[in-house]
Amino acid sequence: MNTNDKVKGNSVSLGFLHILSPWRTILFYSLMPIVIAALLIVFTLVSIEAHSRTHINRLTQSTADGIASLLKYDMNHRIESLSEFAKLSQLTGDMTNDQWQSASKTLYNIRSDYQAIGWIDNNYYIRRVMPNEGNELAKGVNLALNSHELLAAHKAQQQRTASVSIPPTSIQERPGLGIYVPIFKELSPNKELPLNKELPLNKKLPLDKELQGFVTSLLLFDEYINTVLPLYLLADHQFSLLIDEQRIYSDDITPEVHNSTWKKQASFLLNDHVWEISIVPKDAFLSDAHYRMMAILTMLGALLIIFVGLAAYTALFARNKARAMIDDRNKIDHLLKNLPGIAYQSYNKQDRPMIFVSKVCEELTGWSKAAFESGTVMWGKLIHPDDCQHVNEVVNKAIVQKTFFELEYRIITKNNNIRLVWEKGEAVSSILNNQAILEGFITDITSIKLAEKEIVRSHAFSDAIVNSVVEAVITIDQKGSIKSFNNAAQAMFGYTFDEVKNKNVKALMPRNFADQHDQYLANYLRNQKASIIGVGRELLALRKDGSMFPIHLSVNEIQSNEDTMFVGLIRDITLQRMAADQTRKHIEQMAHAERLNSLGEMAAGIAHEVNQPLTAISLFSQSGKNLCNSGKFERLPEILEKVSQHSRRAGAVLERMQAMTKQGERQKEQVDCNILVDDVVKLAEPDARIRNITIKISGREVNASVFVDTVQIQQVMLNLLRNGMEAMEAMQASNTENQNMIELRMQISPQIAPQIPPQAPPKSVIKISVIDSGCGLSSDMTNKLFTAFSSTKKNGMGIGLSISKSIIEEHGGTIHYASNTPTGSVFYFILPLVE
Numbered sequence: 023m024n025t026n027d028k029v030k031g032n033s034v035s036l037g038f039l040h041i042l043s044p045w046r047t048i049l050f051y052s053l054m055p056i057v058i059a060a061l062l063i064v065f066t067l068v069s070i071e072a073h074s075r076t077h078i079n080r081l082t083q084s085t086a087d088g089i090a091s092l093l094k095y096d097m098n099h100r101i102e103s104l105s106e107f108a109k110l111s112q113l114t115g116d117m118t119n120d121q122w123q124s125a126s127k128t129l130y131n132i133r134s135d136y137q138a139i140g141w142i143d144n145n146y147y148i149r150r151v152m153p154n155e156g157n158e159l160a161k162g163v164n165l166a167l168n169s170h171e172l173l174a175a176h177k178a179q180q181q182r183t184a185s186v187s188i189p190p191t192s193i194q195e196r197p198g199l200g201i202y203v204p205i206f207k208e209l210s211p212n213k214e215l216p217l218n219k220e221l222p223l224n225k226k227l228p229l230d231k232e233l234q235g236f237v238t239s240l241l242l243f244d245e246y247i248n249t250v251l252p253l254y255l256l257a258d259h260q261f262s263l264l265i266d267e268q269r270i271y272s273d274d275i276t277p278e279v280h281n282s283t284w285k286k287q288a289s290f291l292l293n294d295h296v297w298e299i300s301i302v303p304k305d306a307f308l309s310d311a312h313y314r315m316m317a318i319l320t321m322l323g324a325l326l327i328i329f330v331g332l333a334a335y336t337a338l339f340a341r342n343k344a345r346a347m348i349d350d351r352n353k354i355d356h357l358l359k360n361l362p363g364i365a366y367q368s369y370n371k372q373d374r375p376m377i378f379v380s381k382v383c384e385e386l387t388g389w390s391k392a393a394f395e396s397g398t399v400m401w402g403k404l405i406h407p408d409d410c411q412h413v414n415e416v417v418n419k420a421i422v423q424k425t426f427f428e429l430e431y432r433i434i435t436k437n438n439n440i441r442l443v444w445e446k447g448e449a450v451s452s453i454l455n456n457q458a459i460l461e462g463f464i465t466d467i468t469s470i471k472l473a474e475k476e477i478v479r480s481h482a483f484s485d486a487i488v489n490s491v492v493e494a495v496i497t498i499d500q501k502g503s504i505k506s507f508n509n510a511a512q513a514m515f516g517y518t519f520d521e522v523k524n525k526n527v528k529a530l531m532p533r534n535f536a537d538q539h540d541q542y543l544a545n546y547l548r549n550q551k552a553s554i555i556g557v558g559r560e561l562l563a564l565r566k567d568g569s570m571f572p573i574h575l576s577v578n579e580i581q582s583n584e585d586t587m588f589v590g591l592i593r594d595i596t597l598q599r600m601a602a603d604q605t606r607k608h609i610e611q612m613a614h615a616e617r618l619n620s621l622g623e624m625a626a627g628i629a630h631e632v633n634q635p636l637t638a639i640s641l642f643s644q645s646g647k648n649l650c651n652s653g654k655f656e657r658l659p660e661i662l663e664k665v666s667q668h669s670r671r672a673g674a675v676l677e678r679m680q681a682m683t684k685q686g687e688r689q690k691e692q693v694d695c696n697i698l699v700d701d702v703v704k705l706a707e708p709d710a711r712i713r714n715i716t717i718k719i720s721g722r723e724v725n726a727s728v729f730v731d732t733v734q735i736q737q738v739m740l741n742l743l744r745n746g747m748e749a750m751e752a753m754q755a756s757n758t759e760n761q762n763m764i765e766l767r768m769q770i771s772p773q774i775a776p777q778i779p780p781q782a783p784p785k786s787v788i789k790i791s792v793i794d795s796g797c798g799l800s801s802d803m804t805n806k807l808f809t810a811f812s813s814t815k816k817n818g819m820g821i822g823l824s825i826s827k828s829i830i831e832e833h834g835g836t837i838h839y840a841s842n843t844p845t846g847s848v849f850y851f852i853l854p855l856v857e
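Going by this note's numbering, the sequence shown opens with residue 23, and the numbers climb by one from there.
Here's what the structure looks like:
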């Protein structure tokens, strides 16, 4: 693996650990020493188990070897003792029964584990037995009847040494072992052979020896083993004895023990017989010496693993906790550093020595953190002398009542500057000595207090300004409750501020407006869409006495962090309305006079227009009379229809003249633009024919309506047409078709003038233009064109265009002038269309 792969692997591992939560990371790292400890403990247990097995095997083998040595030694010693006894019997010759009993008893008592010591004659009959008790049946028994015993006796006789019978069986049918020592009697002076000299089986005894009998002893293995072997050797082991692979003795509880892996063996050769000892540790010994120890060690190992895991977890948890505490401390230090003031701990003593103080103290007081915490500077010494008593009283009272204390006081900085501070804290008990300690926060409020004073001064100044204005100023919150009500508002509505404070502003509105106000305000706060915010409008208000009066209201929104406020500027426009009404009446009167003047000037054309239908009526009436006299009545309906048409024509002319001359209040109505233009052209055509001018209408395809006072708008168009025709008549030029034509043009276009309010969608307007080919206007005249009493006519009053401008503006439109090419003028006005 190269370096990049290692780095990548480490990054992946770190990334994986970062995904885990902190406690899972701790648990993950805690498992590593647990696993290592478990492996070490398992290795140790395996090693200890191996050593334990080796030790038990060594101990078992040592026990087997010890038993084998004891048995071999004991059997050799018994054979030697019995041989000595046989030699004694041989030396003494024929022993009486009492002598033999005495000697054998001595041997029997010395080795009490004998079952019996007997004398067998040369015919293999048992003649003497020691002891007699319990062995009565043995006397007189012929060993020749037992092949194993006879074989042992023959072997002893031939080899002239002791022999052991294998396999033995006692008279009581209990497993035992017989030892036979032959006794010979000399027949010649030949040299005596040693008793322990073994002879080959295929050789006969020398002729100088005669078999006298045998000294024999019988051992029962149950008593023999228990007597010979110490109890401690067999306390922890199960023992079995095999002679020539024949089981002679065993204390096994279960036969399966012989197949145990713990089985150990030892063997020795005795009298041409192989003695084999098998030793197996008992279950209790294994349980105590091995299994229980392993269980204890395993339990201790498990406890050690748990301890290591807990120790590792505790260490990692403590390490993580320490890191968290360091991180928290760094965060707290960073937080305290960014706080706009001092966090502190101090003793509750006279000069309040500081235990802890944040680093911001130097910015506030000029003294360093170390100066405070070392006791060089006492906080109590910085408090202004005039405020010390008050500070101590407040703090001591809070300590007695066990509450927070909060106060403002002055301090003197290192540069002898005075600053106003705000402190809040409480007394807490120290964990170390149960002493009261003050903890709290101190911040500089000098600038805040200066700002508060400035705000108070500013409020007083603004209140004075608001109360000095002639318009009513009212502020409301987003629920419509009145929050301020200046003097002008009190005088305008008749309420005092206390009477309307926190009451809904709809109390100042007529019922038809008040019912909709709350819903309108709620919709605006929800959708932020309004039609009057920032826009003035005129409406009716309600005084305290119930009277209504017209006002001009403009509303603006005041946004703040906590709430939304609305301020309304209200102006009483009762006098303006009266003046406007007077002006409107005056304009109407002037317009009426202008209409009468125009009609007077058009009298010749109008008279001619009326005279023509009257003449036609007279002619058709005379023709009808003649037809009646001649009796041609069938043509009378046609003649009468002609008379009716001309009479209606004359009536229409008179009706239009009557409408133009009518004076008084008129109502605005929705009128089709084509009808409006056609009626004006019909009024102006008589005058145009007299002047030999043709009126051309353009834009008839326009299909739109306007909401106007029909007579006033027709007056404006008629005035513009007559002005254009007079300018064309005065033109000193050749009579061409274009020069004798005046055009009335209609055009629909988008909104040109600024919208009120600006956020309102654009509306379509109609532009009606009067285009003539007259002499035009000079630049001086264009500047005062729509000013009253300005005219280019010799006998003109100069009020026609001024009145036209007033009429158009009253209808929400504008009127303009432009030069025509090559000669002439273009007068046009713009009116909003009905959507």
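Virtual Cβ for every residue (Gly too), placed ideally from N, Cα, C.
All figures in this text were calculated on a predicted structure; none of them were measured in a lab.
One question on the structure: do residue i and residue j come within less than 9 angstroms of each other, judged by their Cβ atoms?
i: D585; j: Q500; result: yes
i: D408; j: R432; result: yes
i: I764; j: S801; result: no
i: I563; j: M531; result: Strictly speaking, residue 563 in this sequence is Ala, with Ile absent from that position. Taking 9 angstroms as the Cβ cut-off, A563 and M531 qualify as a contacting pair.
i: F507; j: I496; result: yes
i: E493; j: I580; result: no
i: S771; j: S791; result: no
i: F808; j: S824; result: yes
Taking the alpha carbon of residue i as the point to measure from, which residue in the options has its own alpha carbon closest?
i: I788; options: C797, V699, V733, L807; result: V699
i: E430; options: L705, M803, Q423, V417; result: V417
i: N157; options: A184, G331, A840, L240; result: L240
i: Y254; options: A365, V733, T85, I327; result: T85
i: I139; options: L853, S791, T238; result: T238
i: S282; options: I301, L291, R269, S126; result: I301
i: G331; options: W284, K654, H99, P55; result: P55
i: S203; options: K419, Q181, K304; result: The residue you asked about is not Ser; residue 203 is Val in the sequence shown. Answer by Cα proximity: Q181.
i: F571; options: L597, Q581, L547; result: L597
i: K381; options: D373, P375, K391, Q372; result: K391
i: S91; options: L291, F808, A513, R722; result: L291
i: F535; options: I405, Y517, E560; result: E560
Could you give the DSSP three-state label for residue i: helix, strand or coil?
i: N741; result: helix
i: L242; result: strand
i: N578; result: strand
i: P303; result: strand
i: A494; result: strand
i: D54; result: In the sequence under discussion, the amino acid at residue 54 is Met, which differs from the Asp named in the question. Here M54 sits in helix by DSSP.
i: E395; result: helix
i: V163; result: coil
i: H259; result: strand
i: N842; result: coil
i: Q777; result: Caution applies to Q777, whose pLDDT of 48 falls short of 50 and renders its modelled position unreliable; the value that the coordinates give is listed next. Reduced to three states, the DSSP call for Q777 is coil.
i: K566; result: coil
i: P222; result: Legend: pLDDT at P222 = 46, less than 50; position of this residue unreliable, value from coordinates given subsequently. Coil, per DSSP.
i: M97; result: helix
i: H406; result: coil
i: I595; result: coil
i: Q457; result: coil
Taking the alpha helix (DSSP H) that residue i falls in, what are its first and last residues?
i: D709; result: 695 to 712
i: T118; result: Where T118 is concerned, there is no enclosing alpha helix (DSSP H), given that its DSSP letter is neither H nor E.
i: V522; result: 519 to 522
i: S801; result: 801 to 805
How would you write the range of the beta strand (DSSP E) that residue i sits in, first residue to last?
i: V422; result: First-last for V422: 410 to 423, but that is the alpha helix (DSSP H), not the beta strand (DSSP E).
i: E428; result: 427 to 434
i: L291; result: 286 to 292
i: V151; result: 148 to 152
Determine contact between the segment 435 to 452 and the segment 335 to 351, defined as no fewer than three beta-carbon pairs at a distance below 8 angstroms. no
Whether or not the segment 249 to 268 and the segment 169 to 181 are in contact is what I'm after, with contact meaning three or more pairs of Cβ atoms, one per stretch, closer than 8 angstroms; do they touch? no
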